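Numbering (numbering that gives the first Met the number 0), first residue to last: 0 to 192.
All C-beta atoms in this analysis are idealised placements derived from N, C-alpha and C, irrespective of residue type, glycine included.
These numbers come from a predicted model, not from an experiment.
Notes follow the structure.
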Amino acid sequence: MRLTPLRDESAEQAHLRARLLRQRGGVHGPFEVLLRSPALGDPLERLSTSCLAESALPPRLRELTLLTVARLLDAQHSWLAHVEKGRAAGLDPAALDRLARGEDPGFVPRDERLLHRFVHQALTRHFVDDDTYAAAHGEFGEAALVDLTVSLGTFAALALLLNVFQVDLPPDATPPFPDVTAFPPGRRTPSSR
Numbered sequence: 000m001r002l003t004p005l006r007d008e009s010a011e012q013a014h015l016r017a018r019l020l021r022q023r024g025g026v027h028g029p030f031e032v033l034l035r036s037p038a039l040g041d042p043l044e045r046l047s048t049s050c051l052a053e054s055a056l057p058p059r060l061r062e063l064t065l066l067t068v069a070r071l072l073d074a075q076h077s078w079l080a081h082v083e084k085g086r087a088a089g090l091d092p093a094a095l096d097r098l099a100r101g102e103d104p105g106f107v108p109r110d111e112r113l114l115h116r117f118v119h120q121a122l123t124r125h126f127v128d129d130d131t132y133a134a135a136h137g138e139f140g141e142a143a144l145v146d147l148t149v150s151l152g153t154f155a156a157l158a159l160l161l162n163v164f165q166v167d168l169p170p171d172a173t174p175p176f177p178d179v180t181a182f183p184p185g186r187r188t189p190s191s192r
């Protein structure tokens, strides 16, 4: 990781660390970075928890949203933290393997195909075409579309924290994306640090 370990924590940093330990069992991934800015880290962590626990989307689609964002933004740490949760929520392991390789995942359930298309358009084109929007509105409803869009931004922020600050993968982890071999070119791979 690009950041050095925190030495003298402020009261706000200590409070956030204690909450993360209670709620998440540790301070991992992007939350290591967010400790440096508890004024933003605390609400961002709460928002990310809400996106995964309280969204109008079902848990399977919440996990698919996070995994699609992780793949599109090359956030291998996020992928590793959530791929088993996605499988447990009912996502097809073979489709997730294809998504990790950067291929068309070929999701069979209509709602998964539609959500993947919506997320892909929003993050690569920065807009969602009328047909996709209408189909997603009809399938998920307004509240879920708002939740989905907020989740995209939240998960993208966490992915950027992981990548910009080069948060190391767990020591025993195999990088999940075969086309992502280093942070920027010429740097060591996330798993070789």
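Between the stretch 152 to 170 and the stretch 51 to 69, the count of C-beta pairs closer than 8 angstroms reaches three or more; the two stretches touch. The stretch 14 to 40 is shown to contain whole alpha helix (DSSP H) runs of 4 or more residues at 29 to 33, in chain order.
For residue 86, the enclosing alpha helix (DSSP H) covers residues 75 to 87. If only uninterrupted alpha helix (DSSP H) runs of at least 4 residues are considered, those enclosed by the stretch 91 to 170 are 92 to 99, 109 to 123, 129 to 139, 141 to 163.
Secondary structure note for residue 64: its alpha helix (DSSP H) is the uninterrupted segment 58 to 71. Assignment of residue 172 by DSSP, reduced to helix, strand and coil, places it in the coil class. Take residue 107, set aside five residues on each side of it, and the residues of its chain with a beta-carbon closer than 8 angstroms to its own are 91, 94, in chain order. When DSSP states are grouped into helix, strand and coil, residue 177 belongs to the coil group.
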